[in-house]
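Working notes for the structure below.
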Ligand SMILES: Cc1cc2nc3c(=O)[nH]c(=O)nc-3n(C[C@H](O)[C@H](O)[C@H](O)COP(=O)(O)OP(=O)(O)OC[C@H]3O[C@@H](n4cnc5c(N)ncnc54)[C@H](O)[C@@H]3O)c2cc1C
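Numbering (my numbering), first residue to last: 1412 to 1802.
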């Protein structure tokens, strides 16, 4: 049986940056199981959906982001034995390890929204969160001059759900500049009672929604999609948005089946990995660790959160035998464009308290400079520094 010191399942934002950091710190034998041959910087998908970026800008061959010295096992994990620990690959190989890190991200829960796949295929619905449909979003939104459109934010857990507001606001700003916003009937389906659950940011976002004339369905979730209709369950009963010119519907998400059905999972309905939210160590399997979107950390997951998670996990894996642990405070980020070229950056800890990276300026206030950083500087930082374990 193939065996490694550290085996990381998932070569996304979490897995690659962690592997790079461990190797920089002197780890000798790190392997990454990653099935895909393309790596994507997913935050740019929302800019693709606003005509501000192309898919080519966010995609790299997976081989080019694998850290020097890491072993890439290009295969699909089918099941896990957390006690071993080891994983079984689809090609029948079993790979064992001294320490296992589980970070395969989240999977779309297509069963949660009947009709969504068919609506994507028909072309009147799409989402920046779905790689296949992201390039079709802007051509569909750009030339609309009237009619009803709907945007949705997915319920948690989801990959940086707040950024589902980006395509909405960037499209509204475009329509306002084009002089057609008043002829459009724009709706937003929110899973909560307010946009993101952070009072100061919510006040700004509510004003922005009102200024664009967006009608908001709250505490709502999409129950089905079909025949240019999006059906939504709300506390007041089911509602139907009919005759839609376009529907930007983000899928719901859950943990991969092999995680949810294993002893890695805890009590969450989505089957997330049970993990000590401070140390990132599994509570029942001491050789197993988890981070990223699949870990049950009591936060809204984001790529920005990984900067802190990777640092804590690297320290804790090294110090585990001594029992001295660094603690993750639940830091996460929500970058939201309120117009085509203005962005608010909301940074909070696990309790929802502000956790700004820089004390000044106030990044919650929407700024052009913050948009520029999000659109132009961060993608460079991601490929040159974050994925190389330097941040
Ligand atoms: C549209 C969109 C916009 C976003 N915008 C932002 C933003 O502006 N700011 C921000 O901070 N975050 C943003 N995010 C969130 C961010 O991309 C995620 O939080 C981050 O990618 C999570 O990293 P991860 O490694 O946990 O999961 P992923 O990036 O999903 O990586 C998981 C990897 O595991 C692999 N994998 C899964 N299952 C298996 C298996 N069985 N076998 C082998 N390999 C497997 C997958 O192929 C994948 O490469 C956005 C996400 C999306 C979708």
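Quick reminder that beta carbons are idealized off the backbone N, C-alpha and C, glycines included.
Local Cβ density within 10 Å of residue 1711, reported as buried at 16 or more and exposed below that: buried
Cβ-based neighbour list, residue 1537, same chain, cut-off 7 Å, excluding 5 preceding and 5 following: 1531, 1544, 1547, 1548, 1551, 1659
Among 1651, 1670, 1724, 1769, the one whose alpha carbon lies nearest that of residue 1688: 1724
Closest Cα partner of residue 1630 within the set 1686, 1750, 1610, 1649: 1649
Which listed residue (1675, 1447, 1623) has its alpha carbon closest to that of residue 1588: 1623
Cut-off 8 Å between Cβ atoms - residues of its own chain near residue 1763, not counting five sequence neighbours on either side: 1608, 1609
Residue 1743: first and last residue of the uninterrupted alpha helix (DSSP H) it sits in: It is not in any alpha helix (DSSP H) - residue 1743 instead sits in the beta strand (DSSP E) that spans 1743 to 1750.
Cβ pair count under 8 Å reaching 3, the stretch 1695 to 1703 against the stretch 1598 to 1618: no
Whole-angstrom distance between residue 1733 and residue 1437, CA atom to CA atom: 18 Å
Residue range of the alpha helix (DSSP H) that includes residue 1508: That residue, residue 1508, is in no alpha helix (DSSP H); its beta strand (DSSP E) goes 1505 to 1513.
Beta-carbon separation (whole angstroms), residue 1510 vs residue 1444, contact threshold 8 Å: Wrong, their Cβ atoms sit about 14 Å apart, outside the cutoff.
Contacting residues, own chain, Cβ-Cβ under 8 Å from residue 1519 (five flanking each side not counted): 1541, 1662, 1663, 1664
Expected contact under 8 Å - CB spacing of residue 1431 and residue 1798 to nearest Å: 6 Å
Alpha-carbon spacing of residue 1747 relative to residue 1715, whole angstroms: 13 Å
Per-residue burial, residue 1614 [other beta carbons within 10 Å of its own, 16 or more giving buried]: exposed
4 or more residues per run - each alpha helix (DSSP H) lying fully within the stretch 1532 to 1564: 1545 to 1553
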